[in-house]
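A short worksheet on the structure shown next.
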Amino acid sequence: MRRDMDLIRAIVLKLEAWDKTPSAIFIVTDLENDFPIDGYTSDEILYHYQLIAEKGWVDTAGGSKSYRSFTFRSLTSDGHDFADSVRDDKVWSMTRDGALKAGAFSMDLLGQLAKGLKKNSSKTTRAFRLDRSFAMSADKPDSAKVNGEVIDLWVRRAGSSFQVRDTFRNRSFTGKGGSTSAAKADWINQAVYEANR
């Protein structure tokens, strides 16, 4: 099953909206009736809940993985941070578009993109925008546009990581990931960070 970023967002926001006392523990055994999300099966919901739990965004009150149920006490601080970042539909739409254009996404990337975009939502002149997707190659540069500025990118292996060279600004950035898609995600994270300084 592939990760679905819209479902991850929907689950986190739905959990946050539950009206319950802070110490209450929910054990959800009937996902179709107790935790429905339009357009998704109970298997998809449970799988994505487990990804969210593995990420540490929910307190499962010690509940273990189960085939048909989940245990929930509360969102963690990181879970609340993610919910705050992706709550706004406009920010979420830009976040999703940015992740899709990168060609890969991690849950950290979603949160960081959303935080950067949310912070900039009131500063439209500096808002981060990746205008088109790009595929990096060691043989030829590809171009991306950030805030309307064309950036030529080269990628090369740098030890266990990949280095992205930004020829427009004549500087390099070394991504932590061990693949070109991870390097792209790291480069986007850095671009978001710099756009928000």
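Read left to right, the sequence shown gives residues 95 to 291 (my numbering). Note that beta-carbon positions come from the ideal geometry of N, C-alpha and C, so glycine has one too.
query: What residues match up with Thr165 in a beta bridge as DSSP calls it?; result: Ile121
query: Within the same chain, show all residues whose beta-carbon is closer than 8 Å to that of Val122, passing over the 5 residues directly before and after it, in chain order.; result: Asp128, Phe129, Ser163, Phe164, Thr165 and Phe166
query: Consult DSSP for Asp113 and reduce its assignment to one of helix, strand or coil.; result: coil
query: Can you give me the Cβ contacts of Lys108 inside the same chain, cut-off strictly under 8 Å, excluding the 5 residues immediately before and after it?; result: Phe129 and Ile131
query: Just to confirm the assignment, what range does the alpha helix (DSSP H) spanning Asp137 have?; result: Ser136 to Lys149
query: Are there 16 or more other CB atoms within 10 angstroms of the CB of Ala193, so buried, or fewer, so exposed?; result: buried
query: Distance, Cα to Cα, Lys149 vs Lys184?; result: 25 Å
query: Taking Leu125 as the reference, give the member of Arg181, Leu203, His142 and Met99 with the closest Cα.; result: His142
query: Express the C-alpha separation of Ala155 and Asp182 in angstroms, rounding to a whole number.; result: 29 Å
query: How about Val180 and Arg97: are their beta carbons less than 7 Å apart?; result: no
query: Span of the alpha helix (DSSP H) holding Ser158?; result: Taken as a continuous stretch (DSSP letters only), Ser158 belongs to no alpha helix (DSSP H), as it is neither H nor E.
query: Taking the alpha-carbon positions, what's the Asp137 to Gln144 distance?; result: 11 Å
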